[in-house]
Each structure stands twice: as structure tokens, then as C-alpha cells.
Amino acid sequence: MDDRRAALLLACLALAGGGVRYLLSPSPGTPPGDVRLQSSTVSRPGALRDVANRAAHLARPLMPGERIDLDRADVSEITRLPRIGPGLAQRIVAWRAQHGPFGSLSRLDSVSGVGPKLLDAILPYVSFSGVSATKP
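Note that our numbering gives residue 53 to position 73 of the sequence shown, counting from 1, and the numbers run on in steps of one.
Encoded structure:
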């Protein structure tokens, strides 16, 4: 008899939990958080192909002789450099936005998280135009 009571109690708790979850879940018509859905009817031909080509370009490693201009590059381009992740790339872009273009490798050392070993690792892959990135 105790096993039946335990099974009944567990079944009731599961039903009650499902009911509470259903009542507290957001309605399907409202997106979670600050997400705003856009109409998919306004799309230009080839947009998906352009996005796929851009993603493939950013995903591949740097080729020999290929350089990234740290005075113009965005976060996704900077993450292609060896030993640089998204967090450090974001700090590099934020520092550049606050202080202006780097102009040389020595000024890049001012960014938090950039040290001599990292500078040696990225030296063959970076260039500096001295021009700050244009803001959209």
C-alpha cells in the first residue's frame, strides 16, 4: 500500500509541476527578453550566400602573408589572430574607440591582457594603418 501512495504522490507532484510551468511560461506571441522579430519577407536575393561567405572567411585561419589591420578591424576579424579570443578582441576594440588608432605594436601593449608573448605571436599577422575604424 505504501508503494501505491508514493507513486500517486509522485504523479500528483509531476502534474502540479507541469501546471505551474505552463502557467508561468511566457505566451508564445511574445519573444523572450529584448528580442525583436523582423519580417522575413523583406530579404534581398543572395543575402544568405553573403552571410555564409562572410562566416567562412572569418572561420578560416589566416593564410601566410595575410594581415589584419588592428586600426580598422572589428571584433570578429581580430579573433582570427592567434591566441586572441572574443573577450580580448572586444577589449582591443574598446581601447581603440576610447584612445584612437594604435599606429604601432608598442601601443597595443596598453590593452589589458596583451603582453610581450602575445605581441610576438601576432607580429607576423598584424598591420597598422593609423586610421580609426569608421562608425556606422
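Heads up, the beta-carbon is just placed ideally off N, CA and C, and yes, glycines get one too.
Distance, Cα to Cα, residue i vs residue j?
i        : j        : result
ALA27    : ALA35    : 12 Å
ALA77    : LEU(-5)  : 54 Å
PRO104   : PRO25    : 38 Å
ALA44    : LEU61    : Looking at the sequence shown, residue 44 is not Ala but Pro. Roughly 12 Å separates the two Cα atoms.
ILE102   : LEU85    : 10 Å
VAL106   : ASN33    : 22 Å
PRO120   : SER92    : Beyond the ends of the chain as shown, which are -19 and 116, falls residue 120; an answer cannot be given.
LEU50    : GLN70    : 12 Å
SER56    : ALA(-14) : 55 Å
HIS37    : VAL31    : 10 Å
GLY(-17) : THR59    : The question names Gly, but residue -17 in the sequence shown is Asp. One C-alpha to the other measures close to 58 Å.
Return the bridge partner residues of residue i from the DSSP annotation.
i     : result
ILE48 : VAL106
Just checking my contact of residue i with residue j at CB under 8 Å: how many whole Å lie between their CB atoms?
i     : j     : result
LEU98 : ARG47 : Not quite, the Cβ-Cβ distance comes to about 16 Å (not below 8 Å), so this is no contact.
Q) Can you give, in chain order, each stretch of the alpha helix (DSSP H) that sits fully within the segment -19 to 5 and has at least 4 residues? A) The DSSP assignment places complete alpha helix (DSSP H) segments of no fewer than 4 residues inside the segment -19 to 5 at -18 to 4, in order along the chain.
Q: Scan the segment 65 to 100 and note each continuous beta strand (DSSP E) run of 3 residues or more that stays entirely inside, going in chain order.
A: Within the segment 65 to 100, complete beta strand (DSSP E) segments of at least 3 residues are not found at all.
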